[in-house]
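Q: FYI, UniProt numbering numbers position 884 of the sequence shown as 884, with every residue one higher than the one before it.
Note that the Cβ used here is the ideal one computed from N, Cα and C, for glycine as well.
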Amino acid sequence: MDTSVLPIIILLPLILGTTLVLFLQRFSRGITALGAIGVSLASFSLLLTQAQAVFSGAVVQQSWAWLPQLGINLSFRLDALGLLFSLLITGIGTLIYIYAYYYLSAKNSLSKLYMLLMIFMAAMLGISLSNNLILLLIFWELTSISSFLLVGYWGNYEAAQRGSRMALTITGMGGLAMLGGFILLGQIAGTYQIDQLLGMKELIQSHSLFVPALLLILLGAFTKSAQFPFHFWLPNAMAAPTPVSAYLHSATMVKAGIFLLARLAPIFVGAALYHNIVTFVGLFTLCMAAFFAIFKEDLKGLLAYSTISHLGLIVCLLGIGSPLAVAAAIFHIINHATFKAALFMIAGIIDHETQTRDLRKLSGIWQMLPFTGTLTMITAASMAGVPLTNGFISKEMFFTELVANLSGGALIFSIIVATLAGIFAVSYSIRLVHGVFFDGPIGSKVPNKNAHEPPIGMRLPAILLATLCILVGILPALLVENIVNQTTRASLMTPDFAGSHLAIWHGFNLPLLMSVIALVGGALFYFALAKGQRLRDIDLDPYLGRLQGRELFDRFLHYLLLGSRKIKLSTETGSLQLYLFWILLFSIAIVATPLVNQGLTTGTRELLLAPWAAVVLWLVLFCACWMMIWFHHERIKAVLISGAIGLVVTMVFVGLSAPDLALTQITVDVVTTVLLLMSLSLLPQLTPYESKRTRRWRDASIAILGGAGVGWIAWLILTRDHNSISWFFLQQSLPLGGGSNVVNVILVDFRGFDTFGEITVLGIAALGALCLMDGMRIHGTSVTQGLTYRFNPSPLMLRTTASWVLPVALVVSLYIFLRGHNYPGGGFIAGLITSMALIIQYVAQGQDRAERLLQAKSGRLYEIWIGSGLMIAGLTGLAAWYWLRPFLTSAHIYVHPPLLGEMHLASAAAFDVGVYATVVGATMLLISVLGDSRHSTMSGPVLREGD
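1. Could you give the residue range of the alpha helix (DSSP H) that holds L468?
2. Which partner residues of W64 appear in the DSSP bridge assignment?
3. Specify whether the region 645-652 and the region 663-675 touch according to this definition: at least 3 beta carbon pairs, one from each stretch, less than 8 Å apart.
4. Starting from H892 and walking both ways along the alpha helix (DSSP H), at which residues does that stretch end?
5. Does the region 726-746 come into contact with the region 809-826, if we say contact requires no fewer than three beta-carbon pairs (one atom in each stretch) closer than 8 Å?
6. Run the CB neighbour count on C623, radius 10 Å, all protein chains shown included, and call it buried at 16 or more, exposed below.
7. Mapping the DSSP letters down to three states, classify E863 as helix, strand or coil.
8. For the candidate residues Y842, L888, L875, whose alpha-carbon lies nearest to that of residue 962?
9. Could you check what DSSP says for S679 in three-state terms: helix, strand or coil?
10. Can you tell which of S407, V596, T487 has the C-alpha that lies nearest to the C-alpha of F55?
11. Output yes or no for whether 9 Å exceeds the beta carbon distance between V151 and V244.
12. Pair every Cβ in the region 122-140 with every Cβ in the region 254-265, then say whether three or more of these pairs are closer than 8 Å.
13. Taking the straight line between their C-alpha atoms, what separation do you get for P370 and I10?
14. Report the option in T242, K112, I746, L116 whose CA atom is closest to the CA atom of Y99.
15. Quick check: the Cα distance between G655 and R819, rounded to an integer number of angstroms?
16. Expressed to the nearest angstrom, what Euclidean distance is found between the alpha-carbon atoms of F413 and V386?
17. Using 10 angstroms around the beta-carbon of Q845, count the other beta-carbons present and answer buried if the total reaches 16, otherwise exposed.
18. In angstroms with no decimal places, state the Cα-to-Cα distance between L512 and A518.
19. Just the C-alpha distance for Q367 and Q196, rounded to the nearest angstrom, thanks.
20. Would you report the Cα separation of G707 and I717, rounded to the nearest angstrom?
21. Just to confirm, is the Cβ distance from L302 to R162 under 9 Å?
22. Between P441, L767, L460, T389, which lies nearest to I504 when the distance is taken from Cα to Cα?
23. At 4 residues or longer, and completely inside the region 143-219: list those alpha helix (DSSP H) runs for me, N to C.
24. Quick test of your reading: G282 and Q227, contact by CB under 8 Å. State the CB separation rounded to the nearest angstrom.
25. By alpha-carbon positions, which one of H821, H310, L16, A837 ends up nearest to H892?
26. Would you identify the three-state DSSP class for Y789, choosing helix, strand or coil?
27. Considering only DSSP beta bridges, list what D298 is partnered with.
28. Output the distance between the C-alpha atoms of G422 and S225, rounded to the nearest integer angstrom.
29. Would you kindly check if the distance between the Cβ of T372 and the Cβ of I333 is under 9 Å?
30. Under the assumption that K445 contacts K361 (Cβ atoms under 8 Å), give the Cβ distance between them as a whole number of angstroms.
31. Using the Cα positions of V484 and L767, report the straight-line distance between them to the nearest angstrom.
32. Compare the beta carbon distance of T876 and L884 with 9 Å and say whether it is the shorter of the two.
33. Identify the continuous alpha helix (DSSP H) that holds R799 and give its terminal residues.
34. Whose C-beta lies closer than 6 Å to the C-beta of I330 among residues of the same chain, with five residues either side of it excluded?
35. Since P370 is in the alpha helix (DSSP H), which residue starts that stretch and which ends it?
36. I believe D439 touches G499 by the beta-carbon criterion, under 8 Å. Please report the beta-carbon distance rounded to the nearest angstrom.
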């Protein structure tokens, strides 16, 4: 059995589908539609190749290690449950693609809709086929994002924007809760693999974290499947195009929560809390939504509430949790997908032809759309549970399982609520048929008086689904019984389940009586409400008032916004001192909390006397820090003193035999000092003194507390013996990295990915400075009285000296670069040396002439250097994949060219070239931006200092 087919099924719509649609849109709408339909059919066909084996009990699995240390793998699993959902997703998805071609007008982008639907399909397939909780969550969130884009497809409609934001907010919060539940579940079981979790029921249910994990996961499932009290987002998402609504309601997003409950049923079944919550939330949602559906004036709104009701029915059955109840839930999932997809397509046909879906305007259109009316009767009958339709059989099974699994007061309550829900379902189903096609004069209020049947291609998907409603209703045992039973066994992991027998007739019993009461009572209730057109005048909104879900959601967002604004106004004062105060205070609290009551004292490590050089450096550092405190209000002096502190740190590195760090420190110090001095012209020359003495004491206290705390922690660490990993790098630097300079080998080999991230951040920072400074006047603020930091030509002596400094510096830079893998040096240090040489040219020649000589107009050359450096470093890492090695794995060889003798070549040198180019580009771009007056279009920034 080919297991590699599983990721291909997902990747076909995700990669091939979106790319193909994007390519074919340049030809015609028809070719674009054929491409989308072909991709969907391809995924459907691949699934069918596995159907015989899977529906016979086989399980197809495939897994690749992704982050195995965290238990996160690209793991896929196809059993009967996953196959059923995947077939519904791709099968109905194919019909949706056909329908969308006819539904969407030429002025709307069909390719955009297809691309979003492809992503949506791939995300749902990912949920169905995932065998890892975290992977499932990734696809889960992708459905939220893609549905947000689909619901908001018509972005110029306020209702579409509002509905998409509401759907994303509710399902996004549910997904966040579910993430917490998954993490707890993984902590309990020690794995995120679903197939392993399903066999740990006793361990999981006996754990103290089971209840919070269960509640968090149920929150995710209930929000996704629109269960009370999170149901209100679904009717508000009806601004989406009808193909989207048909797909979302029948086979995709709202079924994701249902799938999750069915998938994790072996873990949860048997827990009383699970049964109580899920059963009664589903039962309440079933009845509540069915009642509201009767009074909806929007055709799609009525269908939306009916979807919520039927989802409640399925959730209730999964909450009961018995094998026959789960079988009934599986069967109703199939039935609901068929009649609900068809009904939404029919709603789209009615809206497309009559130009309205307002039930107050739709009446008596039978003679305009007789064929569509017939399809509506069939599918609405299935939705109402009329005999000889598939909906009748699964509704009977639902009533049967309620009676068989509940007792006492719960049984009586459930029978009453379920029967009422059946009455309401029949009522809104009759309204859908009678109120649209027969109630009133022929199309008297319809905007389009010339409405007629749409093309057969638009009706064909609904015809196929309506036919299935009848065929499954008459021949359930022949068509779907084995699928339902095998899916039930896969869901509950009970291979010994004898199976349910799907049949139209089960004799005279209480469930049949409930069905009769529902059919008769529903018809009487509807016609009593509809008598004299009264139903059209009933509006429940005034009665519900502020208790409506939408109103509660809006009020929640309103108060959340007000609260956020208050917090923002109270914290964002524009005072850097205040920001630093809270940051330092929080950091001290976070670090100190776990150390309290630990009884930490000086370690037992043998202490040595400090050499005289260390004492001298310590005294110099102390004096420099004290001078910084004394002169920090004078910015120029503060920068120079910070340079002196950097010089002392450099000497410390020299004393500790760290020449690489010393070279890096001194070069960084020089470049940083230049940048700081250039930036000071944007600021007043003096920093204002603190406004109050108490604040000065406050800041001094925080500084002393933070400094003393860091010193104390350093003392605790340095006086204790520890197991260092330096031995590994010292031993493996030459054989594995091909270099004897351990520091450089670590940077470009062992921790090359970290370095790649660091130079990426450096490049982003430089480009960010370019964007930030764009449009700023570089002549300083009003306080500095026009002080400029632009480089001007210097005296002849300096210009002459600089002319020979550059080539010498470049030679030194090249020398430092080439020796870096075996001796102190490397791409980072070489890049900084080159930058210093170029800065000297700026100082000597003036920026205009220097950039003209370097052909670096407005820093454009430096942007190219940044991009080239990152590309070189990235390609070096990708090259390792060619030899099937991990990203950035280096290689080294020895060659013997003529005359030159033996040479050692390492691929890490290419990576170092990328580092070199990025460092030079980023450093010089910052210098160029700060000194370029051509960005001058605005007045200087308004700065606020102190607090």
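A: This is what the structure holds:
1. 456-474
2. L74
3. yes
4. It is not in any alpha helix (DSSP H) - H892 instead sits in the beta strand (DSSP E) that spans 892-895.
5. yes
6. exposed
7. helix
8. For the chain, the structure presents residues 1 to 947; residue 962 sits outside this window and is missing.
9. helix
10. T487
11. yes
12. yes
13. 40 Å
14. T242
15. 22 Å
16. 24 Å
17. buried
18. 10 Å
19. 59 Å
20. 15 Å
21. no
22. T389
23. 158-189, 194-197, 201-205
24. 7 Å
25. H821
26. Interpretation of Y789 is limited by its pLDDT of 45, a score under 50 that renders its predicted location unreliable; no figure is taken from the coordinates.
27. D358
28. 20 Å
29. no
30. 4 Å
31. 58 Å
32. no
33. 796-819
34. V484, T487, T488
35. 370-384
36. That belief does not hold up - the Cβ atoms of D439 and G499 are roughly 44 Å apart, past 8 Å.
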